[in-house]
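Chemist:
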Amino acid sequence: MFPDKILVHRSESNSATLTFDGVDKMGERLANEVLGVVKHRSGLKKISFVAHSLGGLVARYAIEVG
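Going by numbering that gives the first Met the number 0, the sequence shown opens with residue 0, and the numbers climb by one from there.
#1: Pick out whichever of Lys4, Lys24, Leu17 and Gly42 has its Cα sitting closest to the Cα of Arg59.
#2: By how many angstroms is the C-alpha of Asn31 removed from the C-alpha of Ser14?
#3: Check the Cβ-Cβ distances between His39 and every residue of chain D, and say whether any is below 9 Å.
#4: Measure the alpha-carbon distance for Lys45 versus Val37 and round it to whole angstroms.
#5: Report the three-state DSSP secondary structure of Asn121 (helix, strand or coil).
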């Protein structure tokens, strides 16, 4: 419907064994990744996170520190 208005980004910053670093480190990495995406996408007005289980905690931490 609005493909030019929607960006879907799948995070890669906490894959595989990087999940052993703890929620704080994972949240910081996710925040940095999202900030990098935002930096290269002018006009971004809204960000929504979709996460499951541990990813929900990481997303909340990233939102807090980002």
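Beta carbons: idealized from backbone N, C-alpha and C, even for Gly. What you are looking at is a predicted structure, and each value in this text was computed from that prediction instead of being measured.
Modeler: For this structure:
#1: The residue given as residue 59 occupies position 60 in the sequence shown. Of the listed residues, the one whose Cα sits closest to Arg59 is Lys24.
#2: Within the sequence shown, the letter at position 15 stands for residue 14. Within the sequence shown, the letter at position 32 stands for residue 31. Straight-line Cα distance between these residues: approximately 15 Å.
#3: This model lacks chain D altogether; it includes just one protein chain.
#4: Within the sequence shown, numbered from 1, the residue matching residue 45 stands at position 46. Within the sequence shown, numbered from 1, the residue matching residue 37 stands at position 38. For Lys45 and Val37, the distance between alpha carbons rounds to 10 Å.
#5: Only positions 0 to 65 of the chain appear in the structure, and residue 121 is not among them; the question remains open.
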